[in-house]
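Going down the list, the sequences are from chains D and F.
Under numbering that gives the first Met the number 0, the first residue of the first sequence is numbered 0, with each subsequent residue one higher.
Under numbering that gives the first Met the number 0, the first residue of the second sequence is numbered 0, with each subsequent residue one higher.
Backbone N, C-alpha and C fix where the C-beta goes; we use that ideal spot for every residue, glycine too.
Predicted model only: the values in this text are computed from it and were never measured.
The block underneath contains the structure these notes are about, expressed in structure tokens.
Number of protein chains: 2
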Amino acid sequence: MRSIQRDDGANSVIGRAMSLLTAFGPHDAELSLAELGRRTGVPKPTVHRLVVELDRWGIVERTPRGVRLGMRLFELGQLAPRQRGLREAALPFLNDLYQATRETVHLAVLDGVEVVYVEKLTARGGPVVPSLAGGRMPAYCTGVGKALLAFSPPEVLRAVVAAGLPRRTRHTIVMPGLLEREIDAVRQRGVAFEHEESTPGIVCAACPVLGQDGRAVAAISITGWATALDTTRVSAAVRTAALGLSRQLGTGVPRADHRHPGRV
Amino acid sequence: MRSIQRDDGANSVIGRAMSLLTAFGPHDAELSLAELGRRTGVPKPTVHRLVVELDRWGIVERTPRGVRLGMRLFELGQLAPRQRGLREAALPFLNDLYQATRETVHLAVLDGVEVVYVEKLTARGGPVVPSLAGGRMPAYCTGVGKALLAFSPPEVLRAVVAAGLPRRTRHTIVMPGLLEREIDAVRQRGVAFEHEESTPGIVCAACPVLGQDGRAVAAISITGWATALDTTRVSAAVRTAALGLSRQLGTGVPRADHRHPGRV
DNA sequence: AGCATGCGTTCCATTCAGCGAGACGATGGC
DNA sequence: GCCATCGTCTCGCTGAATGGAACGCATGCT
């Protein structure tokens, strides 16, 4: 009897370990072994064994009350080349942008059909944006996402559409045709706007950071309250920062950055 | 015949995977499969299998020319609670400090006998410091390290001494007794200085960020050229930033943060 | 106090996932 | 052409990983 075999990769050791790590949500500082077992479906002794091993490597850390993600994981993550050079080069520009506008600033890259926020400077009085540094959002409904899509190979947009455009607010673009037109407009303009498409009450203006090949390697955005932030007014500042960063990156080591598009 | 068994944990799957990930140095954007095998001693087919699996999870990414650390690793690392809340709360203070001094700013936490740099704002004209965001340095010879040691349980300092105090420059403190005195002085002063103890030509001033229990949870420092930066002059600014951050952290969720001291 | 529940941990017989030598085709430099 | 090196695949073997069961220990409820 072959019993039930989950066809995701979660029966391998690495799959199990990844299940444990991804069981930590943004709000889970630490979890107990039992809770980990419950969330992942991994039997109790196996959780124990894996946690002990991961702790040996600093990937997780054991505390009197449970398990938390470890500093070595942070270290390794900082080495990821897609964000590493980018972040360091970008920080001065992001700071300038923040000083100039006093609004929340985001730096994001594209990963598959989603954007990953590489850096986030939160404005003191600004809205609590659901994004977080190291967090993910869909590309189709965010300013940075649309800016990135507009300057990425067309198959990426196709993959985004194929992955579906679920409605998130009344303003979300859910029709593939409309999204394609919107992306075309962004490419013309060089600036992407988002007006409450992902989150009610929040708007943003975003510009792509272009590599030497004309493709977007990242995007910079400014986010604020829909009632207070005039996106067209700040778009020049965002554009300035993005252009400056593009130029800066162009002068450094020419790091070609091809992404295999197949990830979903 | 039992053959050679390395007693480190590197014969388990997780150990192997960790070997592969840690094979990436700060300057290795991407490595070929063969190079990975060479660096880790893992046989070629095994490297291949593991890389394919890790790629499925986004931990690494395959490019036409090799393998690189992936965005999901960055994401997971950003969730590590020791740096997560800290970083977000600290960024405004670090920015203020940078604006006020225009010198390189560091934010670091203690991990075992080393410090891990959680954030780094590089001054435009400043020295190229060997640290990097997500990097490690010994605690005994760095400003942030001494600031952290001065406000940590005494067994931590004992562990640091036990781990050895190798000479790095002419000014490195290599005598355990001297280091203990120095740490006492730091505790009195509330500020730690480093004068070319880790790297020739570079000095810094550092202050601890204290939790409600009086222990250091992090440290903030300013770094500059030994010939140009007056550490006593900037120490007030560093102190202000550190105190501000301490207060800010105290008002948030009371995140107790006990560290099992046994890691070496 | 007595009992119940849930926790982390250890044991150990079973087995299947992981292993790696070897072979293969593709690529690129000489 | 040749030789070196690369990534990939196969396949029989085996020992690392597995997880049910049991244990000791907290904590909390009756």
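{"query": "Between the Cα of Ser220(D) and the Cα atoms of Thr226(D), Ala89(D), Pro175(D) and Asp110(D), which residue gives the shortest distance?", "result": "Ala89(D)"}
{"query": "Please report the Cβ distance between Arg293(D) and Phe150(D), rounded to the nearest whole angstrom; I am assuming they are in contact, meaning their Cβ atoms lie under 8 angstroms.", "result": "In the structure displayed, chain D extends from 0 to 263; residue 293(D) sits before or after that span and is not available."}
{"query": "Which residues mark the beginning and the end of the alpha helix (DSSP H) in which Leu85(F) is found?", "result": "Pro80 to Thr100"}
{"query": "Name the two residues that bound the continuous alpha helix (DSSP H) containing Leu228(F).", "result": "Premise fails: Leu228(F) is in no alpha helix (DSSP H) and is neither H nor E."}
{"query": "Can you list, in chain order, the residues of its chain whose CB lies under 6 angstroms from that of Gly243(D), leaving out five sequence neighbours each side?", "result": "Phe92"}
{"query": "In chain F, which residues lie with their C-beta within 9 angstroms of the C-beta of Ser151(D)?", "result": "Those do not exist, as Ser151(D) stays about 15 angstroms from chain F at its closest Cβ, beyond 9 angstroms."}
{"query": "Compute every distance between the C-beta of Val173(F) and the non-hydrogen atoms of the ligand ZN, then say whether any falls below 7 angstroms.", "result": "With respect to small molecules bound, the structure shown includes none, and the ligand ZN cannot be examined in it."}
{"query": "Please go through the same chain and pick out, in chain order, the residues whose beta-carbon is closer than 8 angstroms to the beta-carbon of Val41(D), but skip the five residues on each side of it.", "result": "Arg15, Ser18, Leu19, Leu35 and Leu49"}
{"query": "Residues bridged to Gly182(D) by DSSP?", "result": "The displayed chain sequence assigns Ile, not Gly, to residue 182(D). Ile182(D) pairs with nothing; no bridge assigned."}
{"query": "Within a Cβ cutoff of 7 angstroms, which residues of the same chain sit near Val160(D), ignoring the five residues on either side of it in sequence?", "result": "Pro175 and Leu178"}
{"query": "In terms of alpha-carbon separation, which member of Arg166(F), Gly134(F), Pro165(F) and Gly144(F) lies closest to Leu156(F)?", "result": "Gly144(F)"}
{"query": "At least one CB of chain D closer than 8 angstroms to the CB of Arg12(F): is that the case?", "result": "Note that residue 12(F) corresponds to Val in the displayed sequence, not to Arg. Yes, Val12(F) lies at the interface with chain D (some Cβ there is under 8 angstroms from its Cβ)."}
{"query": "Output the residue ranges of the alpha helix (DSSP H) runs that lie fully inside the segment 129-159 of chain F and measure 4 residues or longer, sorted by chain position.", "result": "142-149"}
{"query": "Taking Pro44(F) as part of the alpha helix (DSSP H), name the residues at either end of that continuous run.", "result": "Lys43 to Arg55"}
{"query": "Using a cut-off of 8 angstroms between C-beta atoms, extract the partners of Asp212(F) located in chain D.", "result": "Correct list: empty, because the minimum Cβ distance to chain D is about 14 angstroms."}
{"query": "Rounded to whole angstroms, what's the CA-CA distance from Asp256(D) to His26(F)? Just pull it up for me.", "result": "Confidence at Asp256(D) is low in this model, with a pLDDT of 35, below 50, so its placement is unreliable and the value that follows should be read with caution. C-alpha separation (whole angstroms): 16 angstroms."}
{"query": "Nearest by alpha-carbon distance to Cys203(D): which of Gly210(D), Val104(D) and Gly134(D) is it?", "result": "Val104(D)"}
{"query": "Phe73(F) versus chain D: which residues are under 8 angstroms apart at the beta carbon?", "result": "Gly76, Gln77, Ala79, Arg81, Gln82, Val115, Val117 and Gly133"}
{"query": "Near Gly57(D), what residues of its chain come up, given a Cβ to Cβ distance below 7 angstroms and the 5 sequence neighbours on each side ignored?", "result": "Gly69, Met70 and Arg71"}
{"query": "Suppose the cutoff is 8 angstroms on Cβ atoms and the five residues either side in sequence are ignored; what does the same chain contact list for Gly125(D) look like?", "result": "Glu102, Thr103, Thr222, Gly223 and Trp224"}
{"query": "Kindly indicate which three-state DSSP category Ala122(D) falls into: helix, strand or coil?", "result": "coil"}
{"query": "Comparing the C-beta of Gly65(F) with each C-beta of chain D, is any distance below 8 angstroms?", "result": "no"}
{"query": "Along chain F, which residues have their Cβ under 7 angstroms away from the Cβ of Leu68(D)?", "result": "Leu75, Leu78, Ala79 and Pro80"}
{"query": "Beta-carbon separation of Ala215(F) and Leu147(F) under 8 angstroms?", "result": "yes"}
{"query": "Go ahead and pull the three-state DSSP assignment for Leu109(F).", "result": "strand"}
{"query": "Could you name the residues of chain F that Lys95(D) contacts, counting a contact when the two beta carbons are closer than 9 angstroms?", "result": "First, the amino acid is wrong: residue 95(D) is Asp here, not Lys. Result: empty, since nearest Cβ-Cβ is about 11 angstroms, beyond 9 angstroms."}
{"query": "When the Cα of Leu264(F) is compared with those of Cys140(F), Asn94(F) and Arg38(F), which residue comes out closest?", "result": "Coverage of chain F is limited to positions 0 through 263, which leaves residue 264(F) absent and any answer about it impossible."}
{"query": "Mind checking which residues open and close the beta strand (DSSP E) that includes Glu60(D)?", "result": "Val59 to Thr62"}
{"query": "Within 10 Å of its beta-carbon, does Pro44(D) have 16 or more other beta-carbons around it, so buried, or fewer, so exposed?", "result": "exposed"}
{"query": "Based on Cα-Cα distance, which residue from Gly200(D), Ala122(D), Tyr139(D) and Pro153(D) lies nearest to Ile172(D)?", "result": "Tyr139(D)"}
{"query": "Write down the C-beta distance between Tyr116(D) and Gly142(D) rounded to the nearest angstrom, noting that I regard them as a contact closer than 8 angstroms.", "result": "Wrong, their Cβ atoms sit about 12 angstroms apart, outside the cutoff."}
{"query": "Can you check DSSP and say which residues form a bridge with Arg67(F)?", "result": "Glu60(F)"}
{"query": "Kindly indicate if chain D contains any beta-carbon less than 8 angstroms away from that of Phe23(F).", "result": "yes"}
{"query": "Looking at the unbroken alpha helix (DSSP H) that takes in Leu32(D), where does it start and where does it end?", "result": "Leu32 to Thr39"}
{"query": "Would you decide whether Gly24(D) is buried or exposed? Buried here means 16 or more other CB atoms lie within 10 Å of its CB.", "result": "exposed"}
{"query": "On a CA-only basis, which of Ser245(D), Glu60(D), Val127(D) and Ala22(D) is nearest Asp110(F)? Give me that one, please.", "result": "Glu60(D)"}
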